[in-house]
Amino acid sequence: AQRFDGKTILVTGGAGGMGEAHARAFAAEGGKVLIGDIVDEQGEALAAELGDAVHYLHLDVTDEDAWSAFVDHAEKEFGPVSVLVNNAGIGAGGPIEDITFEDWRKALAINLDGTFLGSRAVVPSMKKAGGGSIINVSSYAGQRGTSFSTPYTASKFGVVGLTKALATEVADFGIRVNSVHPGYIRTPILGETNDNVVMGKVPIRRMGRPEEVSRMVLFLASDEASYSTGSEFSVDGGWAA
Ligand code: NAD
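Each residue of the sequence shown is one higher than the one before, starting from 2 at the first, in the UniProt record's numbering.
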């Protein structure tokens, strides 16, 4: 038997970057995975590559109605939801004088509202399943202040608050809620970030790989993490140490 045999797993922002690595890892361990993203061609190609146990559906995480359709699809095709990975996110930053209200609201909408809407949408399904695990992807920036990133940092600290409040609320239903805090991970979101920048800040002198974050996400999703909830899990090469 594999760790996620028969389990229904939702991954937002799963068409690319770290979310894609998580979707692949869950599928490789027997999970039935529903990927939600806004890049349909990429998502459909990935689902086709991974076979019948992986579906892709268009999901803008800021769209309240789209979330009910997303969870309905998962329940109909795969059964009650066991795992939600709130991974979709965007970078946002710059000197505060240059950040428009619109930039601010967009970062908060995708990174924080999206996590709220997703969590709210799956709790009834997880109660039906008799338990579940929600993994909220925050960041190093959800644990420490970094300059030129007020919207991103505020949104990622917000994810931590949501995680802790919800964890205390749903523990009685067997639902665990934790946050994961990646440091510098080599994905498109980092753009041209220079390796030398990373080497000066990170004790393990390299960027991380998406798969190194997937291993933490899968651990938290599994019964191995049965006594962990409301906690912050760093995968950052020691940056926050
Ligand atoms: P990425 O840009 O490669 O992937 C993000 C995915 O989210 C993309 O597939 C994108 O299409 C999707 N997405 C964007 N807006 C969406 C929306 N409104 N609805 C649904 N999907 C949407 O980025 P990544 O590096 O893989 O980031 C994944 C998560 O990890 C994000 O929450 C990010 O903030 C966080 N993170 C990344 C790093 C890093 O170094 N890469 C570090 C810390 C935290």
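The C-beta atom is built at its ideal place from N, Cα and C for all residues, glycine as well. Keep in mind it's a predicted model, so treat the numbers as computed, not measured.
Skipping 5 residues on each side, what residues in its chain have a beta carbon closer than 7 angstroms to that of residue i?
i   : result
L58 : L35, G37, F71, H74
Below 8 angstroms CB to CB, which residues in the same chain sit around residue i once its five sequence neighbours on both sides are set aside?
i    : result
T63  : A110, I111, D114, G115, L118
V203 : G184, Y185, D237, G238, G239, W240
Three-state secondary structure (DSSP) at residue i?
i    : result
G143 : helix
V55  : strand
I190 : helix
E213 : helix
I97  : helix
V62  : coil
I91  : coil
G18  : helix
I136 : strand
E30  : coil
How far does the alpha helix (DSSP H) with residue i in it reach, from first residue to last?
i         : result
P152      : 151 to 171
residue 1 : As displayed, the chain neither begins before 2 nor continues past 242, which places residue 1 out of reach and without an answer.
N197      : 196 to 202
V124      : 115 to 130
How would you write the range of the beta strand (DSSP E) that residue i sits in, first residue to last?
i    : result
P183 : 176 to 183
D38  : 33 to 38
V12  : 9 to 13
E103 : Segment 102 to 108 is the alpha helix (DSSP H) holding E103; no beta strand (DSSP E) there.
F5   : Note, F5: premise wrong, no beta strand (DSSP E); not H, not E.
E233 : 233 to 236
Can you tell me whether residue i sits near the ligand NAD, meaning its C-beta is under 8 angstroms from at least one heavy atom of the ligand?
i    : result
M200 : no
R187 : yes
H182 : yes
K77  : no
L191 : yes
N197 : no
D53  : no
G239 : no
T154 : no
Since residue i contacts residue j with CB under 8 angstroms, what's their CB separation in whole angstroms?
i   : j    : result
I97 : T164 : The pair is not a contact, with the Cβ atoms about 26 angstroms apart (cut-off 8 angstroms).
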